[in-house]
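Numbering-wise, my numbering comes out as the position in the sequence shown, counting from 1, plus 264.
Where a beta carbon is used, it is the ideal one built from N, C-alpha and C, also for glycine.
Nothing here was measured: the structure is a model prediction, and the numbers come from that model.
Encoded as structure tokens, the structure appears first; notes follow it.
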Amino acid sequence: MSLAAARTIADPALPGPAADRAQVHELQTRIRQMQATKLDARRLETHPALAPLLPGGALKAGAAYTVHGSTTLLMAMLAGPSAAGAWCGVVGMPDFGAEAAGRFGIDLERLVLVPHPGPQWLTVTAAMADVLGVVAVAPPERPANGDVARLSARLRQRESTLLVAGDWPQPEAALSVVRSGWDGLGAGAGYLSSRRVTVEAAPRGGAGPRRRAELWLPALDETFRASGPTRLEAVS
Numbered sequence: 265m266s267l268a269a270a271r272t273i274a275d276p277a278l279p280g281p282a283a284d285r286a287q288v289h290e291l292q293t294r295i296r297q298m299q300a301t302k303l304d305a306r307r308l309e310t311h312p313a314l315a316p317l318l319p320g321g322a323l324k325a326g327a328a329y330t331v332h333g334s335t336t337l338l339m340a341m342l343a344g345p346s347a348a349g350a351w352c353g354v355v356g357m358p359d360f361g362a363e364a365a366g367r368f369g370i371d372l373e374r375l376v377l378v379p380h381p382g383p384q385w386l387t388v389t390a391a392m393a394d395v396l397g398v399v400a401v402a403p404p405e406r407p408a409n410g411d412v413a414r415l416s417a418r419l420r421q422r423e424s425t426l427l428v429a430g431d432w433p434q435p436e437a438a439l440s441v442v443r444s445g446w447d448g449l450g451a452g453a454g455y456l457s458s459r460r461v462t463v464e465a466a467p468r469g470g471a472g473p474r475r476r477a478e479l480w481l482p483a484l485d486e487t488f489r490a491s492g493p494t495r496l497e498a499v500s
């Protein structure tokens, strides 16, 4: 698949409320033209290596999840829904690599990138949630509680899923890389080839034990998978 397949939308921010509304409407129209349908599902299947970490074993439509410490982990979170046919969007991540995303199994034909949303990042995120199944965003600042509440209501209404690189109030689950180590350096003469990470998942509001799993992220073949049989640990 050509790496040029991923759609990149330039900075949508324009001065003034009227210009903002017009630009957001244009963004929504362009995305609708790119996609034929949006998946209508209460749950979005995720990669088998990540499913045991998530409540219910899948991403919940209308919910938000946080990812800390790893852009590759966020890519892995996108890979499952994308492979299942969901359109995905990425907001405010200029370093999000299409080549790496493609290797992880993200369908670049159904990927929309807005690397530089400017001060309108929250508006752009909401506009994308209207028409895409999964939206990933890196917030440059903490949003106001009212803005979070409005976006959460829109996610539930549109049955879209939000993945946040960083903090977000009351996520369905918070995933983070708590341990990481590279393989491939042999006696100082080798090269870094694969990375084994321990991912910890905390459920919403701390309801229940945290869980951990070890993953290759990436594996030797530059994909990702569980590091052997998936093992979960209750973490107090």
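Residues of the same chain with a CB within less than 6 Å of the CB of Thr310, apart from the 5 flanking positions on each side, are Ala322, Leu323, Gly344 in chain order. In the three-state reduction of the DSSP assignment, Asp411 falls in the helix class. Judged by DSSP secondary structure, Pro467 falls outside any alpha helix (DSSP H) and instead within the beta strand (DSSP E) spanning 458-467. DSSP lists Ala465 as the beta-bridge partner residues of Arg475. Beta bridge pairing from DSSP links Trp480 with Arg460, Arg489. Using a Cβ-Cβ distance cut-off of 8 Å, the region 433-446 and the region 363-382 are not in contact, since fewer than three pairs of beta carbons, one from each stretch, lie closer than that value. Sorting Val355, Pro407, Gly410, Trp480 by C-alpha distance to the C-alpha of Leu375 places Val355 at the top. Nearest neighbour of Thr330 by Cα position, chosen from Asp394, Pro383, Arg476, Pro467, turns out to be Pro467. Taking all protein chains in view, the Cβ of Gln421 is surrounded by fewer than 16 other Cβ atoms within 10 Å, so the residue is classified as exposed. DSSP, reduced to helix, strand and coil, places Leu375 within a strand of the structure shown. Residue Pro473 holds the alpha-carbon nearest to the alpha-carbon of Pro319 among Pro473, Ala347, Arg459, Ala408. Within 10 angstroms of the beta-carbon of Arg306 lie fewer than 16 other beta-carbons, which makes it exposed. Look at Trp385 here: in three-state DSSP terms it is helix. Between the C-alpha atoms of Ala429 and Met341 there is a straight-line separation of about 11 Å. By the CB criterion at 8 Å, Arg475 and Ala490 fall outside the cutoff.
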